[in-house]
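Asker:
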């Protein structure tokens, strides 16, 4: 399959049919470009400002998303597309090439903190990661109303596999988002704090878009169930938003109604290590706990005879995430516990 190399202004996201692109954003260090793979399929019922976009590799060491979308490039039948579907398997080629969360070989910026005022438009915010944010804002947002941002824990944390979104003020938007998040089939659906500036999902939600994030794996590996859930969720969202013909059945935790919705908004949900050391988990993610339950231990091997620091759940609920690597730093959130809350619908 041939991909056409274009700059963002040359993208055609409106004409009927399928087009496969590499979007070129100028490299900061060499005479060349960063190439973002993008496929758009436009059907006969496409409407202005309506469509679905799915992103992989917002972070460069989270691999389920790129694999999900690479599969879908060959699995989605162009003739079955009613509206507009945009697939971007590797949104952040700078970080993906480095195999790191941030663009460490280029500007060292975290793309999921780069959606800030002036991104890509001022000299201070003009390097590749902020220019990717500008590309999304100017070239993608005007054409879609459904946004799927596929993440995993990378080397930061091990998660109970989950989809995610922020607290939503608009009731109708919130119901659509929650429904789409459930269709992935993951065991947990997370509602998480929205205080971190520069997040791609935060901007999409603020624009009124049906926005779903996810944590489909961990350890800079590829989890087969995470890939299964990602494929299911993207296809379900495309069908239910009217962009793709067909029907789909619930799977796994959505099908058997074992899914839980957990809020990790309150400060007490985050257990912070007061010391550096090595983390020992005592139970798996996804386990129900009570406030005060000892979920893990932080060992200090410089004080080999000292009692390890007990990592306790700060709330009643479910273990959402724990430190992935054994080595942890003072101030690190080594445990996140979510409060189980009711579904909107």
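In my numbering, the protein residues as written are 11 to 355. The beta carbon of each residue, even a glycine, is placed where N, CA and C say it ideally should be. Predicted model, so just to flag it, every value in this text is computed and none were measured.
(1) Please determine, among 322, 131, 353, the residue with the shortest C-alpha to C-alpha distance to residue 269.
(2) If you check the beta carbons only, do residue 102 and residue 69 fall under 9 Å apart?
(3) Can you name, in chain order, every residue of its own chain whose Cβ lies under 8 Å from the Cβ of residue 25, other than the five neighbours on each side?
(4) Mark residue 110 as exposed unless 16 or more other C-beta atoms lie within 10 angstroms of its C-beta, in which case mark it buried.
(5) Which complete alpha helix (DSSP H) runs does the segment 130–187 hold, if anything under 4 residues is left out?
(6) Please report the straight-line C-alpha distance between residue 148 and residue 304, rounded to a whole angstrom.
(7) In whole angstroms, what is the alpha-carbon distance linking residue 300 and residue 323?
(8) Just to confirm my understanding: we take residue 334, look at its own chain, exclude 5 residues before and 5 after, and list those with CB closer than 7 Å. What are they?
(9) From which residue to which residue does the beta strand (DSSP E) around residue 225 run?
(10) Is the Cβ-Cβ distance between residue 198 and residue 90 less than 9 Å?
(11) In terms of alpha-carbon separation, which member of 219, 295, 130, 128 lies closest to residue 61?
(12) Could you tell me whether the segment 237–250 touches the segment 190–197, using the rule of 3 or more Cβ pairs below 8 Å?
(13) Jot down the residue ranges of each uninterrupted alpha helix (DSSP H) in the segment 32–66, minimum 4 residues, whole runs only, in chain order.
(14) Over the uninterrupted beta strand (DSSP E) stretch that includes residue 274, give me the two end residues.
(15) For residue 274, which residues of its own chain have a beta-carbon under 8 Å away from its beta-carbon, when the five flanking residues on both sides are left out?
(16) Going by DSSP in three states, residue 206 sits in which element: helix, strand or coil?
(17) With 16 other CB atoms within 10 Å as the buried threshold, where does residue 242 fall?
(18) Tell me the rounded alpha-carbon separation between residue 208 and residue 315.
(19) Would you mind stating whether residue 112 and residue 140 have Cβ atoms separated by less than 9 Å?
(20) Give a yes or no on contact between the segment 177–187 and the segment 121–135, applying the rule of three or more CB pairs nearer than 8 Å.
(21) Provide the residue(s) that pair with residue 337 in DSSP beta bridges, ordered along the chain.
(22) To test your reading of the DSSP string, which unbroken beta strand (DSSP E) runs of 3 or more residues are found completely within the segment 80–109?
(23) What first and last residue would you give for the alpha helix (DSSP H) that runs through residue 243?
(24) Quick check on DSSP: helix, strand or coil for residue 20?
Answerer: In short:
(1) 353
(2) yes
(3) Correct list, in chain order: 52.
(4) buried
(5) Annotation: the segment 130–187 contains the following complete segments of the alpha helix (DSSP H) (minimum length 4 residues), in chain order: 138–145.
(6) 47 Å
(7) Between residue 300 and residue 323, the C-alpha separation is close to 7 Å.
(8) Around residue 334: 163, 165, 166, 167, 168, 228, 229.
(9) 220–225
(10) no
(11) 219
(12) yes
(13) none
(14) 270–274
(15) 200, 201, 202, 203, 280, 330, 346, 347, 348, 349
(16) coil
(17) It is buried - the Cβ of residue 242 has at least 16 other Cβ atoms within 10 Å.
(18) Those two C-alpha atoms are separated by around 43 Å.
(19) In this structure, residue 140 does not lie closer than 9 Å to residue 112 by Cβ.
(20) no
(21) 288
(22) 94–98
(23) 234–250
(24) In this structure, residue 20 counts as helix in the three-state DSSP scheme.
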